[in-house]
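**Q**
4 protein chains.
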Amino acid sequence: MDFAALPTKGERTRAHIVATAANLFWRRSFHGVSVDLVADAAQVNKATIYRYFADKGDLALAVVRFNGAVTIETVFASSFDIYSSPQDRLAAIFRFVYGAHETMLEESGDIYGCPIVGLALELGQDMPEIRKEAQHIFDQVENYLTIIARDAVDNNGLNQSPEMLGRTLTQLLHGAFASARLAGAPSRILDAGNASLALLGFADTQIIQQERV
Amino acid sequence: MDFAALPTKGERTRAHIVATAANLFWRRSFHGVSVDLVADAAQVNKATIYRYFADKGDLALAVVRFNGAVTIETVFASSFDIYSSPQDRLAAIFRFVYGAHETMLEESGDIYGCPIVGLALELGQDMPEIRKEAQHIFDQVENYLTIIARDAVDNNGLNQSPEMLGRTLTQLLHGAFASARLAGAPSRILDAGNASLALLGFADTQIIQQERV
Amino acid sequence: MDFAALPTKGERTRAHIVATAANLFWRRSFHGVSVDLVADAAQVNKATIYRYFADKGDLALAVVRFNGAVTIETVFASSFDIYSSPQDRLAAIFRFVYGAHETMLEESGDIYGCPIVGLALELGQDMPEIRKEAQHIFDQVENYLTIIARDAVDNNGLNQSPEMLGRTLTQLLHGAFASARLAGAPSRILDAGNASLALLGFADTQIIQQERV
Amino acid sequence: MDFAALPTKGERTRAHIVATAANLFWRRSFHGVSVDLVADAAQVNKATIYRYFADKGDLALAVVRFNGAVTIETVFASSFDIYSSPQDRLAAIFRFVYGAHETMLEESGDIYGCPIVGLALELGQDMPEIRKEAQHIFDQVENYLTIIARDAVDNNGLNQSPEMLGRTLTQLLHGAFASARLAGAPSRILDAGNASLALLGFADTQIIQQERV
DNA sequence: AATGAATGAGGCTTCATTCAT
DNA sequence: CATGAATGAAGCCTCATTCAT
Numbered sequence: 001m002d003f004a005a006l007p008t009k010g011e012r013t014r015a016h017i018v019a020t021a022a023n024l025f026w027r028r029s030f031h032g033v034s035v036d037l038v039a040d041a042a043q044v045n046k047a048t049i050y051r052y053f054a055d056k057g058d059l060a061l062a063v064v065r066f067n068g069a070v071t072i073e074t075v076f077a078s079s080f081d082i083y084s085s086p087q088d089r090l091a092a093i094f095r096f097v098y099g100a101h102e103t104m105l106e107e108s109g110d111i112y113g114c115p116i117v118g119l120a121l122e123l124g125q126d127m128p129e130i131r132k133e134a135q136h137i138f139d140q141v142e143n144y145l146t147i148i149a150r151d152a153v154d155n156n157g158l159n160q161s162p163e164m165l166g167r168t169l170t171q172l173l174h175g176a177f178a179s180a181r182l183a184g185a186p187s188r189i190l191d192a193g194n195a196s197l198a199l200l201g202f203a204d205t206q207i208i209q210q211e212r213v
Numbered sequence: 214m215d216f217a218a219l220p221t222k223g224e225r226t227r228a229h230i231v232a233t234a235a236n237l238f239w240r241r242s243f244h245g246v247s248v249d250l251v252a253d254a255a256q257v258n259k260a261t262i263y264r265y266f267a268d269k270g271d272l273a274l275a276v277v278r279f280n281g282a283v284t285i286e287t288v289f290a291s292s293f294d295i296y297s298s299p300q301d302r303l304a305a306i307f308r309f310v311y312g313a314h315e316t317m318l319e320e321s322g323d324i325y326g327c328p329i330v331g332l333a334l335e336l337g338q339d340m341p342e343i344r345k346e347a348q349h350i351f352d353q354v355e356n357y358l359t360i361i362a363r364d365a366v367d368n369n370g371l372n373q374s375p376e377m378l379g380r381t382l383t384q385l386l387h388g389a390f391a392s393a394r395l396a397g398a399p400s401r402i403l404d405a406g407n408a409s410l411a412l413l414g415f416a417d418t419q420i421i422q423q424e425r426v
Numbered sequence: 427m428d429f430a431a432l433p434t435k436g437e438r439t440r441a442h443i444v445a446t447a448a449n450l451f452w453r454r455s456f457h458g459v460s461v462d463l464v465a466d467a468a469q470v471n472k473a474t475i476y477r478y479f480a481d482k483g484d485l486a487l488a489v490v491r492f493n494g495a496v497t498i499e500t501v502f503a504s505s506f507d508i509y510s511s512p513q514d515r516l517a518a519i520f521r522f523v524y525g526a527h528e529t530m531l532e533e534s535g536d537i538y539g540c541p542i543v544g545l546a547l548e549l550g551q552d553m554p555e556i557r558k559e560a561q562h563i564f565d566q567v568e569n570y571l572t573i574i575a576r577d578a579v580d581n582n583g584l585n586q587s588p589e590m591l592g593r594t595l596t597q598l599l600h601g602a603f604a605s606a607r608l609a610g611a612p613s614r615i616l617d618a619g620n621a622s623l624a625l626l627g628f629a630d631t632q633i634i635q636q637e638r639v
Numbered sequence: 640m641d642f643a644a645l646p647t648k649g650e651r652t653r654a655h656i657v658a659t660a661a662n663l664f665w666r667r668s669f670h671g672v673s674v675d676l677v678a679d680a681a682q683v684n685k686a687t688i689y690r691y692f693a694d695k696g697d698l699a700l701a702v703v704r705f706n707g708a709v710t711i712e713t714v715f716a717s718s719f720d721i722y723s724s725p726q727d728r729l730a731a732i733f734r735f736v737y738g739a740h741e742t743m744l745e746e747s748g749d750i751y752g753c754p755i756v757g758l759a760l761e762l763g764q765d766m767p768e769i770r771k772e773a774q775h776i777f778d779q780v781e782n783y784l785t786i787i788a789r790d791a792v793d794n795n796g797l798n799q800s801p802e803m804l805g806r807t808l809t810q811l812l813h814g815a816f817a818s819a820r821l822a823g824a825p826s827r828i829l830d831a832g833n834a835s836l837a838l839l840g841f842a843d844t845q846i847i848q849q850e851r852v
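Residue numbers (the working numbering), protein chains in the order written: chain B, 1 to 213; chain U, 214 to 426; chain X, 427 to 639; chain Y, 640 to 852.
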């Protein structure tokens, strides 16, 4: 994510375009954003975009990969780095997602749903690679959540398979995004987070919004 | 849904256009389907579409309403009509959704996700009415699921609020669609269904695919 | 060519587009003319062009067919209708081509070569249909010229095969267009015409420019 | 044509670009080849091309000159060097052209027409210099063929002017290229060659394909 | 109630060309 | 001498929409 650190100027330009497009596609969908608009927003000539991406779909694929990398890194890996108990990790993950939604709502007055699923739904039919990529990302997510589930099963002596619990947690996370977007309410993320904790036997733990500056 | 029963020819034409568009938008997204294509598929002149709908967005709104009505009627109301116990009702709902996914996969080789959420995600930004409508539909869904949760809480003596459980069930259902679509696997619906049953304390009950003709 | 006689309005529009494009492609080559320009020249919206032609190449194909039909009809068939002796027919053909070149030069200050060969050379590689069509047209031309050759062989007792003579006449006609275009001189058409007559044993006959109004 | 012999590296680079472009323009026409493609094919940076040529048209002009020089040298001058009788010279010229067509067909599965006329037809309108250059080249060709015609007239006592015969031979050569390209048949070159010999009174001589390795 | 025909705007992509290194 | 990077203009095509019948 540290563009300035990228070796060549070209790679920096490319990364800048991807980040710009990621933001736009997230807010307005793939078809709602023209290549012209991406170029304008990135302050780059349209032809420059085509120097780095074969076509608009190729850009979308790069965006999905970018979104996936950012998500895994900043949400999951970092929660695992900071915390070690399953309840802390899970709470951290949902706290992060919730915080992002709060910020989103404040800054742009709206809530946009999961940027990976959004693109995958819109383009999945025409671009199988995009769906493959999204699937791959959520396999990773499920892996993280399954680890949490396994630790919870061990700690709390649940008699459910960690794998199934991991899958359920993943689906709940999907549902959290969808319902937050439809209702326009970040609190739906908290609902899903608390339900997830309850599911793993941490009924006492509640996700509480951190103070944000 | 029984078009032939509609009084005037105009109403039948209109309903036919909506049903055709619903199918196309579902499979290929809103922007992936041109008005020309809808006209061709419905075997209707393009100008006829504009006789019944102010613009393409208006058609999309009608499609969302249509999808909502069909879903509530054929999935939720009908499950409630046939069954009375919470576990039977829940199982029936998921069995229906699962069956629809199996059929979808067989007939078109792919799985398309929730048609209501799909349109809401794609158009939510530009057409608030559509998101409102989708929200309204899922409020009804949540109502149905909350009733089931309440009965389960009563039956099984759970110490969770039916409202929160209803919400969680709704989110799990959202997640079921998303994950089935990404993975291309109808079994994800069964996973969510069984998790839902477990959540309500019906760990013994399993949703099993009915014989289909 | 009588557009007003075409049954439907659509067919007239289509024919008008083809005729306009034929003229432009002839003067400025296929790639030298944009679809926008064709639309402007035909006083038709660009989208209207795409209502009648799948793409620009499809329009070029229609143009080649049009050019072929016009050529066969106005040059060859009509010369055969009016005259019956081989030398009269051949002279009429070349007189017509020569006259067209003179007019061209007067009206636009330049000479454009054969519109069929021009398009075939430029597009033959990417559009085999176009070359096929051009080949078909010149097969017809060769047929006409072979008939003339056969009659000449009979009349003048030449000991060459009419088929080979027909082919040579066809090649000379090709060369006449090329050399007239390169030199910017209509007289090259007369040269080829007189050489053709000589070839068939009509050394006395000379093609003379008719008085033109 | 011996690039390695060129004094400076720059001249070699330039010559290499011209030769590469000549080949591409020949096969795919001027507008069908982008500067990018020329750069790729020549394994040279695009900016390097603009170091040696003012613009793409300038490159085309260089290509026409190159084609002309190669043609005159390898086909006409060399035939005149090797042979002295008119029929041998003419036969050698057509044999060469025919052989080139056979090779072309074998190596690339297609036949491309005269590269000089092709460019002149496509660009003649926008670039008068190119047409001038092409005209100049074919004046030289006509000179060579007129010399052959003159010798034939002397030898065979024909009562036609060598100049007119030279012109006819030139036009037949043009027609040979055009008809070979349209029909995709190298044999059309032989047809024109034999017709040319017959025209000069060498009815007995036939051009026969040489054994090629 | 329905249709064939037409349109303006805009989308995606590519091109020839130049700049800075 | 050569290159990686960038750009403005233009090209082809499609879309949603309307008109006249």
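The beta carbon of each residue, even a glycine, is placed where N, CA and C say it ideally should be.
Applying a beta-carbon distance threshold of less than 7 Å, which residues of chain X neighbour residue 829 of chain Y?
**A** As a first step, residue 829 of chain Y must be located in the fourth sequence, where it is residue number 190. Result: empty, since nearest Cβ-Cβ is about 11 Å, beyond 7 Å.
**Q** If contact is defined by three or more beta carbon pairs under 8 Å, each pair taking one atom from either stretch, is the region 295 to 311 of chain U in contact with the region 361 to 372 of chain U?
**A** The region 361 to 372 of chain U, when compared against the region 295 to 311 of chain U, does touch it at the 8 Å Cβ threshold.
**Q** At 8 Å on the CB atoms, spell out the chain X contacts of residue 818 of chain Y, in chain order.
**A** Translated into positions along the fourth sequence, residue 818 of chain Y becomes position 179. Under the 8 Å cutoff, chain X gives 564, 593, 596, 597 and 600.
**Q** I need the straight-line Cα distance from residue 721 of chain X to residue 111 of chain B, nearest angstrom please.
**A** No statement about residue 721 of chain X is possible, as the shown extent of chain X runs from 427 to 639 and does not include it.
**Q** So is residue 555 of chain X in contact with chain Y if we call contact Cβ pairs under 8 Å?
**A** To locate residue 555 of chain X, count along the third sequence from 1; it is residue 129. Chain Y contact via Cβ: absent.
**Q** Between residue 164 of chain B and chain U, is any beta-carbon pair separated by less than 8 Å?
**A** Numbered from its first residue, the first sequence carries residue 164 of chain B at position 164. Chain U contact via Cβ: present.
**Q** Would you mind giving the Cβ-Cβ distance between residue 517 of chain X and residue 623 of chain X, rounded to the nearest angstrom? I have them listed as a contact below 8 Å.
**A** In the third sequence, the residue the question calls residue 517 of chain X occupies position 91. In the third sequence, the residue the question calls residue 623 of chain X occupies position 197. Going by Cβ atoms, the distance from residue 517 of chain X to residue 623 of chain X rounds to 7 Å, so yes, they are a contact pair.
**Q** Do residue 364 of chain U and residue 167 of chain B have their C-beta atoms closer together than 8 Å?
**A** Reading the second sequence from its first residue, position 151 is the one you call residue 364 of chain U. Reading the first sequence from its first residue, position 167 is the one you call residue 167 of chain B. No.
**Q** Less than 8 Å between the C-beta atoms of residue 274 of chain U and residue 113 of chain B, yes or no?
**A** On the second sequence, position 61 is the one that residue 274 of chain U refers to. On the first sequence, position 113 is the one that residue 113 of chain B refers to. Going by C-beta atoms, residue 274 of chain U is not nearer than 8 Å to residue 113 of chain B.
**Q** Hey, is residue 510 of chain X's beta-carbon within less than 8 Å of any beta-carbon in chain Y?
**A** Start at 1 with the first residue of the third sequence, and residue 510 of chain X comes out as number 84. Taking Cβ atoms only, chain Y never reaches closer than 8 Å to residue 510 of chain X, which makes this a no.
**Q** Which first and last residues belong to the alpha helix (DSSP H) in which residue 115 of chain B is found?
**A** Residue numbering aside, residue 115 of chain B sits at position 115 when the first sequence is read from its first letter. Its alpha helix (DSSP H) spans residues 115 to 123.
**Q** Measuring straight from C-alpha to C-alpha, what distance separates residue 682 of chain Y and residue 16 of chain B?
**A** Against the fourth sequence, residue 682 of chain Y aligns to sequence position 43. Against the first sequence, residue 16 of chain B aligns to sequence position 16. About 30 Å.
**Q** Between which two residues does the alpha helix (DSSP H) containing residue 379 of chain U stretch?
**A** Locating residue 379 of chain U in the second sequence gives position 166, counting from the first residue. Start and end: 375 to 396.
**Q** Quick check on residue 839 of chain Y: does DSSP put it in helix, strand or coil?
**A** If you number the fourth sequence from 1, residue 839 of chain Y lands on position 200. DSSP places residue 839 of chain Y in coil when its eight states are reduced to three.
**Q** Grab the span of the alpha helix (DSSP H) containing residue 707 of chain Y for me, first residue to last.
**A** By 1-based counting over the fourth sequence, the position of residue 707 of chain Y is 68. Residues 695 to 709.
**Q** Name the chain B residues whose beta carbon is nearer than 9 Å to that of residue 338 of chain U?
**A** By 1-based counting over the second sequence, the position of residue 338 of chain U is 125. Within 9 Å Cβ-Cβ: 27, 28, 29, 32, 110 and 112.
**Q** Got a sec: is the Cβ-Cβ distance from residue 120 of chain B to anything in chain U below 8 Å?
**A** As a working mapping, residue 120 of chain B is identified with position 120 in the first sequence. Chain U, which has a Cβ nearer than 8 Å to the Cβ of residue 120 of chain B, makes this yes.
**Q** For a contact meaning CB atoms closer than 7 Å, what does residue 608 of chain X contact in chain Y?
**A** The residue you call residue 608 of chain X lines up with position 182 of the third sequence. Result: 759, 770, 773, 774 and 777.
**Q** Exposed or buried, residue 264 of chain U, counting other C-beta atoms within 10 Å across all chains shown (16 or more means buried)?
**A** Position 51 of the second sequence, counting from 1, holds the residue named residue 264 of chain U. Exposed, because fewer than 16 other Cβ atoms sit within 10 Å of the Cβ of residue 264 of chain U.
**Q** Quick check on the burial criterion: 16 or more other C-beta atoms within 10 angstroms. Buried or exposed for residue 8 of chain B?
**A** Counting from one through the first sequence, the residue named residue 8 of chain B turns up at place 8. Exposed is the call here.
**Q** Look up residue 7 of chain B in the DSSP assignment and say whether it is helix, strand or coil.
**A** Walking along the first sequence from the start, residue 7 of chain B turns up at place 7. Residue 7 of chain B: coil per DSSP, three-state reduction.
**Q** Pull up the distance between the alpha-carbon of residue 239 of chain U and that of residue 457 of chain X, whole angstroms please.
**A** One-based indexing of the second sequence puts residue 239 of chain U at position 26. One-based indexing of the third sequence puts residue 457 of chain X at position 31. Rounded to whole angstroms, residue 239 of chain U to residue 457 of chain X spans 41 Å at the Cα level.
**Q** Report yes or no: is there a C-beta of chain X within less than 8 Å of the C-beta of residue 834 of chain Y?
**A** Numbered from 1 along the fourth sequence, position 195 holds the residue referred to as residue 834 of chain Y. Answer yes: the Cβ-Cβ gap between residue 834 of chain Y and chain X drops below 8 Å somewhere.
**Q** Just to confirm before moving on: does the CB-CB distance between residue 266 of chain B and residue 22 of chain B stay below 8 Å?
**A** Residue coverage of chain B in this structure runs from 1 to 213, which leaves residue 266 of chain B outside it and unanswerable.
**Q** Output the distance between the C-alpha atoms of residue 505 of chain X and residue 613 of chain X, rounded to the nearest integer angstrom.
**A** For the purposes of this step, residue 505 of chain X is taken as residue 79 along the third sequence, with counting starting at 1. For the purposes of this step, residue 613 of chain X is taken as residue 187 along the third sequence, with counting starting at 1. For residue 505 of chain X and residue 613 of chain X, the distance between alpha carbons rounds to 20 Å.
**Q** With a threshold of 8 Å between beta carbons, is residue 277 of chain U in contact with chain B?
**A** In the second sequence, counting from the first residue as 1, residue 277 of chain U sits at position 64. So, not an interface residue.
**Q** Alpha carbon to alpha carbon, what distance is there between residue 195 of chain B and residue 94 of chain B?
**A** If you number the first sequence from 1, residue 94 of chain B lands on position 94. If you number the first sequence from 1, residue 195 of chain B lands on position 195. Their backbone Cα atoms lie some 11 Å apart in a straight line.
**Q** Taking all protein chains shown into account, decide if residue 11 of chain B is buried (16 or more other Cβ within 10 angstroms of its Cβ) or exposed.
**A** Along the first sequence, one-based indexing puts residue 11 of chain B at 11. Residue 11 of chain B should be labelled exposed.
**Q** Put residue 296 of chain U into one of helix, strand or coil per three-state DSSP.
**A** Numbered from its first residue, the second sequence carries residue 296 of chain U at position 83. Residue 296 of chain U: coil per DSSP, three-state reduction.
**Q** So which residues on chain X does residue 756 of chain Y lean against when the C-beta distance must stay under 7 Å?
**A** Locating residue 756 of chain Y in the fourth sequence gives position 117, counting from the first residue. By Cβ distance, chain X contributes 604.
**Q** Taking residue 775 of chain Y as the reference, which of Y:708, Y:847 and Y:653 has the closest Cα?
**A** In the fourth sequence, residue 775 of chain Y corresponds to position 136, counting from 1. It is Y:708.
**Q** What's the call for residue 319 of chain U, buried or exposed, on a 16-neighbour Cβ count within 10 Å?
**A** Within the second sequence, numbered from 1, the residue matching residue 319 of chain U stands at position 106. Per the 10 Å Cβ criterion, exposed.
**Q** Can the beta-carbon of residue 383 of chain U be found closer than 8 Å to that of residue 355 of chain U?
**A** As a first step, residue 383 of chain U must be located in the second sequence, where it is residue number 170. As a first step, residue 355 of chain U must be located in the second sequence, where it is residue number 142. Their beta carbons are under 8 Å apart, which means residue 383 of chain U touches residue 355 of chain U by this criterion.
**Q** Where do the ends of the alpha helix (DSSP H) carrying residue 341 of chain U lie?
**A** For the purposes of this step, residue 341 of chain U is taken as the residue at position 128 of the second sequence. Where residue 341 of chain U is concerned, the enclosing alpha helix (DSSP H) stretches over 341 to 369.
**Q** Could you tell me if residue 818 of chain Y is buried or exposed, where buried requires 16 or more neighbouring beta carbons within 10 angstroms of its beta carbon?
**A** Translated into the one-based positions of the fourth sequence, residue 818 of chain Y becomes position 179. By the 10 Å Cβ count, residue 818 of chain Y comes out buried.
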